[in-house]
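Chemist: Below: one structure in structure tokens.
In my numbering, the protein residues as written are 31 to 446.
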């Protein structure tokens, strides 16, 4: 790349408005400073070398952290473009590409072309040609590295870019599928449970109810909040996680909210209601002590209260208790009227869920069916009689017969 080409590129980059956030990225800022120095009247070679050293360090760290060992600079720019929250990506995520003004589409595409040109700059080659520096390049750190991805900045038309944002979202929602509410903010889960329905043996009817409801939700049809109730280890939480893994490519995201954070429920809903993706708020293993009042916030949210749940939010909760709130004998020694009111208020929480799916512990026959199915899947080399005998012995030692116990037994055999 000649100085004239570098100069033209730096001028083009100054015209970026929609993707302005990318220009503020620390790594990109170093790269642009190098380009500006290379076309200056008097080049500060020491400063160029210092910036290149820092840029090399940034991109090397990025490569290791993201397992990207070829086209590293291009991958970095492309990732920034994918997750950037700007007027184009946010509107497209929410309303779809057909609703976006053509002028905005073309402006976004033009800026992505500038970013593509920036991503194709071979900085090591520029330094060699402009300053006769012989520096190591960060590209192709491994000889066997190959390109394994499609780049957003390579899209030939604005509609393809818009379609990407519509289907995948932007910001952290374009990076992660599962999240937690921690310390007052939504945080992405790096390694969500990859479980799928084919990993869950039995409970087909229960799974179908959850799947059908989620399908309606994603299609914009009336859908219900769901309470998944049942004994420990029956796969309630796994069912919700499997739904996420089934539908995340269609814009479904899951945010786990702890019981202690229910006070923030309206705040969470306010944040995600503005997005174009669909969210399940996941309340796992939900139960309340007698003196806890967070359930009132959940109850108010479920029944609508002053503000209804937005169309892109549902609540899926799991609990070992049908009514989720512990009752004690003291509940029955209050005045007759007060006792009745208190009990009705507590029991009514479960009734606020539109659908309750019950997961019952399996009997012996169903438990053994799960064991045999998992043993076949993982190629456990045991004769059937031994497998049955040992699985029953395992269940008597480890929390009784349940899908979780069956899986733990098979996992144990796999490690032997």
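Ideal Cβ placement from N, Cα and C applies to all residues, glycine included.
Given the structure is predicted, the values throughout are model-derived calculations rather than measurements.
Less than 8 Å separating the beta-carbons of residue 184 and residue 146?
Modeler: Contact: yes.
Chemist: By alpha-carbon positions, which one of 212, 82 and 381 ends up nearest to residue 257?
Modeler: Cα-wise, what sits closest to residue 257 is 381.
Chemist: Please name the residue in 196, 221, 47 and 58 whose C-alpha comes closest to that of residue 208.
Modeler: Comparing Cα-Cα distances from residue 208 to each of 196, 221, 47 and 58, the minimum goes to 221.
Chemist: Compare the Cα-Cα distances from residue 52 to each of 72, 201, 70 and 196 and report the closest residue.
Modeler: Checked all of 72, 201, 70 and 196; the closest Cα to residue 52 is 201.
Chemist: Please return the same chain residues whose Cβ sits closer than 8 Å to the Cβ of residue 89, not counting the five positions on each side in sequence.
Modeler: Taken in chain order, the residues that qualify are 57, 102, 103, 106 and 168.
Chemist: Taking a contact to mean a Cβ-Cβ separation below 8 Å, would you say residue 60 touches residue 85 in this structure?
Modeler: Result yes, Cβ atoms of residue 60 and residue 85 sit closer than 8 Å.
Chemist: Quick one: residues in its chain with C-beta nearer than 7 Å to the C-beta of residue 408, no 5 flanking neighbours on either side, listed in chain order?
Modeler: So the list reads 440 and 444, once near-sequence residues are dropped.
Chemist: When we look at the beta-carbon of residue 139 and count the other beta-carbons within 10 Å, is it buried (16 or more) or exposed?
Modeler: Residue 139 comes out buried.
Chemist: My output table needs one value for residue 31: the three-state DSSP class, helix, strand or coil.
Modeler: Coil, per DSSP.
Chemist: Identify whether residue 431 lies in helix, strand or coil by the three-state DSSP scheme.
Modeler: Correct three-state label for residue 431: coil.
Chemist: Going along the chain, which residues of its own chain have a beta-carbon closer than 7 Å to the beta-carbon of residue 404, five neighbours each way excluded?
Modeler: Same-chain partners within the cutoff: 231, 436, 437 and 440.
Chemist: Please classify residue 388: is it buried, with 16 or more other beta-carbons within 10 angstroms of its beta-carbon, or exposed?
Modeler: Exposed is the call here.
Chemist: For residue 394, tell me which candidate among 384, 416, 422 and 414 has the shortest Cα-Cα distance.
Modeler: Of the candidates 384, 416, 422 and 414, the one whose C-alpha sits nearest the C-alpha of residue 394 is 422.
Chemist: Distance, Cα to Cα, residue 299 vs residue 384?
Modeler: Taking the straight line joining both Cα atoms gives about 19 Å.
Chemist: Could you check where the alpha helix (DSSP H) with residue 56 kicks off and where it finishes?
Modeler: Start and end: 56-68.
Chemist: How is residue 383 classed by DSSP in three states: helix, strand or coil?
Modeler: Residue 383: coil per DSSP, three-state reduction.
Chemist: Is the beta carbon of residue 46 less than 8 Å from the beta carbon of residue 141?
Modeler: Yes. Within cutoff.
Chemist: How should residue 392 be labelled, buried or exposed, when 16 other C-beta atoms within 10 angstroms of its C-beta is the threshold for buried?
Modeler: It counts as buried.
Chemist: Shortest alpha-carbon distance to residue 412 belongs to which of 426, 431 and 446?
Modeler: Nearest option by C-alpha distance: 446.
Chemist: Report the CB separation of residue 281 from residue 308 in whole angstroms; it is logged as a contact under 8 Å.
Modeler: With 8 Å as the limit, residue 281 and residue 308 qualify as a contact, their Cβ atoms being about 5 Å apart.
Chemist: Whole angstroms are fine: how far does the CA of residue 186 sit from the CA of residue 270?
Modeler: If you take the alpha carbons of residue 270 and residue 186, they lie about 38 Å apart.
Chemist: What residue from 406, 199 and 397 has the CA that sits closest to residue 127's CA?
Modeler: Comparing Cα positions, the closest option is 199.
Chemist: Buried or exposed for residue 368, please, with buried defined as at least 16 other CB atoms from any protein chain shown within 10 angstroms of its CB.
Modeler: For residue 368, the pLDDT reaches just 46, beneath the cut-off of 50, and the residue's location in the model is therefore unreliable, although a value from the coordinates is still provided. Classification for residue 368: exposed.
Chemist: Buried or exposed: residue 426, going by 16 or more other Cβ atoms within 10 Å of its Cβ?
Modeler: Flag for residue 426 reads exposed.
Chemist: So, using beta-carbon positions, are residue 272 and residue 344 closer together than 8 Å?
Modeler: Not closer than 8 Å, so no.
Chemist: Can you tell me whether residue 304 is helix, strand or coil according to DSSP?
Modeler: Note: residue 304 maps to coil in three-state DSSP.
Chemist: Put residue 273 into one of helix, strand or coil per three-state DSSP.
Modeler: Note: residue 273 maps to helix in three-state DSSP.
Chemist: Answer yes or no: do residue 241 and residue 292 have a C-beta to C-beta separation smaller than 8 Å?
Modeler: It is not a contact, given that the beta carbons lie outside the stated cut-off.
Chemist: Could you spell out the range, first to last residue, of the alpha helix (DSSP H) harbouring residue 285?
Modeler: From DSSP, residue 285 is part of no alpha helix (DSSP H) but of the beta strand (DSSP E) over 282-286.
Chemist: If you count every other CB in all the chains shown that lies within 10 Å of the CB of residue 93, and 16 or more means buried, which is it?
Modeler: Buried, because 16 or more other Cβ atoms sit within 10 Å of the Cβ of residue 93.
Chemist: Give me the DSSP bridge partner(s) of residue 102.
Modeler: Bridge partners of residue 102: none, in fact.
Chemist: Residue 263 and residue 434: beta carbons closer than 8 Å?
Modeler: Yes, they are a contact pair.
Chemist: Leaving out five residues on either side along the sequence, give the residues of the same chain with a beta carbon under 7 Å from the beta carbon of residue 73.
Modeler: Contacts found: 67 and 161.
Chemist: How should residue 349 be labelled, buried or exposed, when 16 other C-beta atoms within 10 angstroms of its C-beta is the threshold for buried?
Modeler: By the 10 Å Cβ count, residue 349 comes out buried.
Chemist: By Cβ distance, which residues of its chain are closer than 7 Å to residue 227, with the 5 residues on each side in sequence left out?
Modeler: Counting only Cβ-Cβ distances below 7 Å, and skipping sequence neighbours, we find 237, 272 and 276.
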